[in-house]
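Reading through the structure tokens given below for one structure.
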Amino acid sequence: MRTRKPKLLVLAVLLVSLLLTIMSKGCLSSASQTPQAEFPAPTVPVKITFWNQETNDLRQKVVKESIQSFNQTHPHIQIVPYFYEGETYKAKLRVAAISGKMPDLFYYWTGESFKYMVDSQIVADLTDLIQEKPAYKKQFYPEALQNSSYYERLYGLPHTTSHVMFWYNKRLFAQFGITPPETWDELILAAENLLSKGISPFSVSGKERWPLLNWYAYLSNRLGGTTSYQHTIKGTGDFTDPSFIEAALLFRELVKKKMFEPGFLGVDRKTAENMLLNGETAMYLQGDWAAEEMLSNPDIGYFRFPTVHGKGDRTVYYGGSSGWAISKNSNQQAAFEVLSYMLSMEERKKFVEASGQLSTLKELPLSPSHMKPSIYDYVQFIQKDPSNYFGYYDQEIDPRRSELLLDAVVTMAGAQTMSRKEIEDLLKQIR
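With the numbering used here applied, the sequence shown covers 42 to 472.
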């Protein structure tokens, strides 16, 4: 009996060990499977690089909040944003287009410059993507989508419609008995009045070139309408048309009479805006992308660009649409998902209520209680006032002529003396 007990004990121990081993393996197998079911292996999110030329603090803040919200609610896609000032942005975009290293999403202005990118096969065709979302497509104004379409195909989604107008210091106007002018002669009389009191009539950010073009574009449009420039865009006309020459001569008169702030060719946009806000200058010709800065100051009002020598319609605005496009080599489905979110009713509502810029979405449900009264009033005005638009001169023509035009306007702004013949010869080169 003594000899059997050890054997039985050993056998029992072996059986228990075997049972524990089997159970252990079962537990390990179960443990190795359970985390896979509860915690799937993380997938790498698609990164969408997003270039924007929005540098205004408040508007950039709203866009960044939309991006942050998207990234939080769409873990499979992450937006990587970059913000650049206007001229820097244009230069970077040109380099990216030439090098073939385009961002996934980028800001564009409608016109020949964007069409040039389309023709260069840099931009993705969005036609089929938006056709898959008919309800979303219907939210846009048809003309806004048309402005971003070429060859009956859609290449970008427009987000805002902008208008260039005069912003003025109401306190200075009241002090010197000036009312908002409706004609060019009235504008010049007001400017001469201010100049005689030691006030620079106009501020302009000549450093960036295109703000000078605001003046030249409006003057030539008021004098010659849209027909002359349409011929120039198509190549059936050029800048030697009489309306362009006369506009240049009127612009030169402003320069010769020192109507702009001292050193204006070296002044940036922020400085020019602050000069108006601080009462150093009385008027500022700029787009309503500056509406929030301007109308947050109770001393600032606005008026249309006047008629010139009895010509032109004050309700025809220099401006147009801008939007976001997708690079052809990007992950187009992911990028379009970003666009659909950024240009949704909810996100655009936040942007318009903060900035005062018009949206390209129809029936945007704005809440007056969410807006500054001055901005709400401006939006109500600008929604109804325009009878027509004419596009940005530097965007409506091809990039080569655009650079020649901008350089020509800077030359006209900086020359001490310039004869009519010299102006004609300068403009003749823009071909």
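Think of the CB as a built atom: it goes at the ideal place given N, C-alpha and C, for glycine as much as any other residue.
Quickly, what does DSSP pair V121 with across the bridge? List them, please. Residue pairing from DSSP places V121 in a beta bridge opposite T90.
Return helix, strand or coil for Y182, following the three-state DSSP convention. Here Y182 sits in coil by DSSP.
Would DSSP call T114 helix, strand or coil? Helix at T114.
Given M351 as reference, the closest of I219, L260, V450 and I118 once Cα atoms are compared: Reading off the sequence shown, one finds Gly at residue 351, where the question assumed Met. Of the candidates I219, L260, V450 and I118, the one whose C-alpha sits nearest the C-alpha of G351 is L260.
6 Å Cβ shell around G353 - same chain, five flanking residues per side excluded: The residues are R263.
Measure the C-alpha to C-alpha separation of S385 and M459 and round it to an integer number of angstroms. Roughly 51 Å between the two C-alpha positions.
How long is the line joining the alpha carbons of E444 and F243, rounded to whole angstroms? Distance from the CA atom of E444 to the CA atom of F243, rounded to whole angstroms, is 25 Å.
Assigned secondary structure, Q162 (DSSP; H/G/I helix, E/B strand, else coil): DSSP places Q162 in coil when its eight states are reduced to three.
Would T75 be called buried (16 or more neighbouring beta carbons within 10 Å of its own) or exposed? Confidence is the limiting factor: at T75 the pLDDT is only 35, short of 50, which leaves the residue's position unreliable and the question unanswerable from this model.
Could you spell out where the beta strand (DSSP E) holding S362 opens and where it closes? S362: member of the beta strand (DSSP E) spanning V357 to I367, first to last residue.
Which residue from Q457, K425 and R345 puts its Cα closest to that of W256? Relative to W256, the option among Q457, K425 and R345 whose CA is nearest is R345.
With a cut-off of 8 Å on the beta carbons, I'd call P199 and S337 a contact; round off their distance for me. So it is not a contact: roughly 26 Å between Cβ atoms.
Just curious, the alpha helix (DSSP H) that L446 is in, first and last residue? Run containing L446: P440 to G455, per the alpha helix (DSSP H) assignment.
Strand pairing of L399, partner residues [DSSP]: L399 pairs with T202.
Any chance the segment 219 to 235 sits against the segment 391 to 399, with 3 or more Cβ pairs inside 8 Å? The answer is no - the segment 391 to 399 does not touch the segment 219 to 235, with fewer than three Cβ pairs under 8 Å.
What first and last residue would you give for the alpha helix (DSSP H) that runs through A331? Unbroken run through A331: none, as it is neither H nor E.
N370 to I341 span [Cα, whole Å]: Roughly 45 Å between the two C-alpha positions.
Please name the residue or residues paired with N210 in a DSSP beta bridge. According to DSSP, which records beta bridges pairwise, N210 is partnered with I341.
Measure how close the beta-carbons of L399 and I423 come, nearest whole angstrom, since I'm counting them as under 8 Å. Confirmed, Cβ separation roughly 6 Å.
Grab me the residues of V87's own chain with a C-beta within less than 8 Å of its C-beta, minus the 5 sequence neighbours each way, in chain order. Annotation for V87: H117, I118, Q119, N372 and A375 place their beta carbon closer than 8 Å to its own, counting only its chain and skipping 5 residues before and after.
What number of angstroms, rounded off, separates the C-alpha of S415 from the C-alpha of H272? If I take the Cα positions, the gap works out to 39 Å.
Please state the DSSP three-state secondary structure of R194. DSSP places R194 in strand when its eight states are reduced to three.
Straight-line gap, Y23 to T348 (C-alpha atoms, nearest Å): Any property of residue 23 remains undetermined from this structure, which presents the chain solely from 42 to 472.
When the Cα of Y382 is compared with those of R194, G320, I171 and P183, which residue comes out closest? By alpha-carbon distance to Y382, the top candidate from R194, G320, I171 and P183 is I171.
Whether or not the segment 184 to 191 and the segment 298 to 308 are in contact is what I'm after, with contact meaning three or more pairs of Cβ atoms, one per stretch, closer than 8 Å; do they touch? No, the segment 298 to 308 does not touch the segment 184 to 191.
With L254 as the anchor, note down where its beta strand (DSSP E) starts and where it stops. Residue range W251 to G265 is occupied by the alpha helix (DSSP H) that includes L254, with no beta strand (DSSP E) assigned at that position.
Taking the alpha carbon of M324 as the reference point, which residue from S237, V121, S410 and K211 has its own alpha carbon closest? Selected option, being the one with the closest Cα: K211.
Rounding to the nearest angstrom, what Cα-Cα distance links A454 and V245 in this structure? Near 11 Å, if we compare the C-alpha coordinates of V245 and A454.
Can you check whether the CB of D435 is closer than 7 Å to the CB of L167? Taking 7 Å as the cut-off, the Cβ atoms of L167 and D435 do not count as close.
At the level of alpha carbons, what is the spacing between D282 and S269? Spanning the two alpha carbons is a distance of roughly 7 Å.
Rounded separation between A449 and M143 - CA only: Straight-line Cα distance between these residues: approximately 30 Å.
Short Cβ contact (7 Å threshold) for S203 with G360: Against a cut-off of 7 Å, the Cβ pair of G360 and S203 comes out as a contact.
Is the separation between the beta-carbon of L467 and that of F285 shorter than 7 Å? No, these two residues do not count as a Cβ contact at 7 Å.
Measure the Cβ-Cβ separation of Y157 and P409 and say whether it is below 7 Å. Inclusion of Y157 and P409 in the CB contact set at 7 Å is not warranted, their separation being larger than that value.
Between T129, G152 and W251, which has its C-alpha nearest T452's C-alpha? Looking only at T129, G152 and W251, the smallest Cα-Cα distance to T452 is reached by W251.
Which partner residues does M412 have in the DSSP bridge list? Note: M412 sits in no beta bridge, so no partner.
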